[in-house]
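Colleague: Below are the structure tokens for one structure; questions will follow.
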Amino acid sequence: MKRKMVMVPGPIEFSPEVLNAMAVPTANHVSGEFIECFGESLEMLKDVFVAPDYSPFIIAGSGTLAMDISVCNIIEPGDRVLVVDSGYFSQRMADIIRWYGGQVDLLQDKVGDIPCPEDVEKALEKGIYRAVTITHVDTSTSVLADIKNITRVAKKAGCLVIVDGVAGAAGARCQTSEWGIDIYFTASQKAVGAPPGLALLVVSPEAMDVFHNRKTPVMNYYASFQNWLPIMEAYQNRGPAYFGTPAVNNVRALNVALKQIIEEGLEKRFTRHEKIAGAFREGIRAMGLQIVPVKEEKAAPTLTAIYYPNSEGKNLVKYMEEEGIVVAGGLHPEIKDKYFRIGHMGSCCGQDIILVISALESCLKKLDSRYEIGKGLTACRQKLYEINNQVKGKEGPDEQ
Ligand SMILES: *Cc1c(COP(=O)(O)O)cnc(C)c1O
């Protein structure tokens, strides 16, 4: 069997320790052993999101469930919500808000860009909003949002702030509590680095108050905080509780993944993602390719969306697979057939992106025989070398 390297923006390559945890015999979900594992995971979730006084939730489902939970518990029919639109998943957020009777105003920019905090501030002057939603890293464009400053202006206007961190969490910087974000959520299979199957959220005391003071019932049974809050509290207090059977093996794997994140250290992990993404983009540019984000500082550390070099480009995803590297096609409806996406999150290291760039160069040569192999690799390796030498003495060359 041909070995493949999965470099899509989730699911990612999981570490062997995480995968082994999936294969341990499934414990009773109210056994002491599992209660400890779940309780500890909830505590680590607060550590990783830097949200010490927040309510953590780990619930079986995908990232879309985390979106659903965030909206259905907080938004009531008639509430106005400003959705800061940076692509595909902002649109999904808007759909969910409308589903529960909320009124959505989309604040848009051109593809590859995102409204700046000043734009958000101006938009919020035009009405009374219950909440603002932001996508931390837009998976369809690889645009990174300035969630710190957008949250600042939204809180000043009295709004709750919901951040979709699915493609950002544990790879892109976030100080949830300090920045004032009310709900930050993700899914296990992206930068957190555990197999798909878990929705992960932390919720601020202020958002919990909004939930407790609702005038209308939550129009969702499985996703209601009312059903899950006592369960999460019980596990944190190391007591048994039951509402719906937890995904025992997924939680075990998550436990290992969260430990690995904490062991590496958040600062080091964010810096690693930034460095690798920077070196990767350096290689991309040297190959004569163009990324989707309009500016370097708006480019995400967890994945990169790249325009095809020419009309034959759509073969790139297939060619890359032939090289043993799985990448993703386009997702944003406006440019869907014009670009592709490469994930570099989780345990991704310098050597991984060198492999990806090397394979990309072979594919570019297939597309255009005049392509000169080596330009991208040289630029990427040069950048990685510079990065490693900068950190030398402090922590050593850990990227290669
Ligand atoms: C992947 C993703 C989602 C949806 O997650 P699923 O697990 O596929 O349901 C939502 N938002 C963003 C930003 C994502 O990248």
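For the sequence shown, our numbering assigns the number 1390 to the initial residue and increments by one for each residue that follows. Just so it is clear, CB atoms sit at the ideal spot from N, CA and C, and this is done for glycine as well. Predicted, not measured: the structure shown is a model, and the values here were computed from it.
1. What number of angstroms, rounded off, separates the C-alpha of LYS1755 from the C-alpha of VAL1745?
2. Considering only residues of the same chain and omitting the five flanking positions on each side of LYS1435, which have a CB-CB separation below 7 angstroms?
3. Suppose you measure from the CA of ALA1512 to the CA of LEU1496; what does that come to, to the nearest Å?
4. Just checking LEU1454 against ligand 1 - is the residue's beta carbon closer than 8 angstroms to any of the ligand's heavy atoms?
5. Return yes when the C-beta of THR1528 is under 8 angstroms from any heavy atom of ligand 1, and no when it is not.
6. Could you check what DSSP says for GLN1789 in three-state terms: helix, strand or coil?
7. Suppose the cutoff is 8 angstroms on Cβ atoms and the five residues either side in sequence are ignored; what does the same chain contact list for GLY1713 look like?
8. Any heavy atom of ligand 1 closer than 8 angstroms to the beta-carbon of ALA1561?
9. Could you tell me which residues DSSP puts in a beta bridge with PRO1445?
10. Extract the residue ranges of the alpha helix (DSSP H) inside the segment 1560 to 1633, only unbroken runs of 4 or more that lie entirely within it.
11. If you reduce the DSSP assignment to three classes, tell me which class TYR1728 lands in.
12. Unbroken alpha helix (DSSP H) runs of length 4 or more, entirely within the segment 1638 to 1720: which are they?
13. Among GLU1507, ARG1487, THR1522 and THR1530, whose alpha-carbon lies nearest the alpha-carbon of GLY1501?
14. Provide the residue(s) that pair with ARG1469 in DSSP beta bridges, ordered along the chain.
15. Mind checking whether ALA1558 and VAL1437 have CB atoms under 9 angstroms apart?
16. Beta carbon of VAL1681: closer than 8 angstroms to some heavy atom of ligand 1?
17. Can you say whether MET1608 is buried or exposed, counting buried as having 16 or more other CB atoms within 10 angstroms of its CB?
18. Determine the closest residue to LEU1644 out of SER1613, CYS1461 and LEU1589, with distance taken between C-alpha atoms.
19. Can you look up ASP1553 in the DSSP assignment and give me helix, strand or coil?
20. To which residues of the same chain is ALA1717 closer than 8 angstroms at the C-beta, ignoring the five residues directly before and after it?
21. Rounded to the nearest angstrom, what separates GLY1582 and ILE1680 at their Cα positions?
22. Identify, in the order they occur along the chain, each residue of the same chain with its Cβ nearer than 6 angstroms to the Cβ of GLN1625, setting aside the five sequence neighbours on each side.
23. Confirm the yes/no value for this check: CB of ARG1481, any heavy atom of ligand 1, distance under 8 angstroms.
24. Can you tell me whether ARG1627 is buried or exposed, with buried defined as 16 or more other CB within 10 angstroms of its CB?
Modeller: Quick answer:
1. Taking the sequence shown and counting its residues from 1, one reaches residue 1755 at position 366. Taking the sequence shown and counting its residues from 1, one reaches residue 1745 at position 356. LYS1755 and VAL1745: Cα-Cα distance of roughly 15 angstroms.
2. One-based indexing of the sequence shown puts residue 1435 at position 46. Counting only Cβ-Cβ distances below 7 angstroms, and skipping sequence neighbours, we find PRO1441, TYR1443, PRO1445 and VAL1591.
3. Position 123 of the sequence shown, counted from the first residue, corresponds to residue 1512. Position 107 of the sequence shown, counted from the first residue, corresponds to residue 1496. The alpha-carbon atoms of ALA1512 and LEU1496 are separated by roughly 8 angstroms.
4. Counting from one through the sequence shown, the residue named residue 1454 turns up at place 65. Yes, the beta carbon of LEU1454 sits closer than 8 angstroms to at least one heavy atom of ligand 1.
5. Locating residue 1528 in the sequence shown gives position 139, where the first residue counts as 1. Flag set: Cβ of THR1528 near ligand 1.
6. Start at 1 with the first residue of the sequence shown, and residue 1789 comes out as number 400. Residue confidence for GLN1789 is low, a pLDDT of 44 falling below 50, so the modelled location carries little weight; the figure read from the coordinates is stated next. Looking at GLN1789 - three-state DSSP - the assignment turns out to be coil, as it is neither helix nor strand.
7. Within the sequence shown, numbered from 1, the residue matching residue 1713 stands at position 324. Excluding positions up to five away in sequence, the list reads LYS1391, ARG1392, LYS1393, MET1394 and ALA1748.
8. Position 172 of the sequence shown, counted from the start, is the residue given in the question as residue 1561. No, the Cβ of ALA1561 stays beyond 8 angstroms of every heavy atom of ligand 1.
9. Within the sequence shown, residue 1445 is the residue found at index 56, counting from 1. The partner list for PRO1445 (beta bridge, DSSP) reads VAL1591.
10. 1565 to 1568, 1594 to 1601 and 1614 to 1625
11. Counting from 1 along the sequence shown, the entry for residue 1728 is found at position 339. DSSP places TYR1728 in strand when its eight states are reduced to three.
12. 1655 to 1675 and 1705 to 1711
13. Translated into the one-based positions of the sequence shown, residue 1501 becomes position 112. Ranking GLU1507, ARG1487, THR1522 and THR1530 by Cα distance to GLY1501 puts THR1530 first.
14. Sequence index remark: in the sequence shown, residue 1469 carries index 80 (1-based). GLN1492, per the DSSP bridge assignment.
15. Start at 1 with the first residue of the sequence shown, and residue 1558 comes out as number 169. Start at 1 with the first residue of the sequence shown, and residue 1437 comes out as number 48. The answer is yes: Cβ separation under 9 angstroms.
16. On the sequence shown, residue 1681 is found 292 positions in, with the first residue counted as 1. Result no, Cβ not under 8 angstroms from ligand 1.
17. Your numbering for residue 1608 matches position 219 in the sequence shown. By the neighbour-count rule (16 or more Cβ atoms within 10 Å), MET1608 is not buried but exposed.
18. For the purposes of this step, residue 1644 is taken as the residue at position 255 of the sequence shown. In the sequence as presented, Leu is not what sits at residue 1644; that position holds Asn. With respect to the C-alpha of ASN1644, the residue from SER1613, CYS1461 and LEU1589 having the closest C-alpha is LEU1589.
19. Residue numbering aside, residue 1553 sits at position 164 when the sequence shown is read from its first letter. Three-state DSSP puts ASP1553 in a strand.
20. Against the sequence shown, residue 1717 aligns to sequence position 328. Cβ neighbours of ALA1717 beyond the five flanking positions: VAL1397, PRO1398, VAL1706, PHE1729, ARG1730, ILE1731 and GLY1732.
21. Numbered from its first residue, the sequence shown carries residue 1582 at position 193. Numbered from its first residue, the sequence shown carries residue 1680 at position 291. Computed Cα separation, rounded: 25 angstroms.
22. Your numbering for residue 1625 matches position 236 in the sequence shown. So the list reads GLY1428 and LEU1431, once near-sequence residues are dropped.
23. Taking the first residue of the sequence shown as position 1, residue 1481 is located at position 92. Checking the Cβ of ARG1481 against ligand 1 gives yes.
24. Mapped onto the sequence shown, residue 1627 falls at position 238. Result: exposed.
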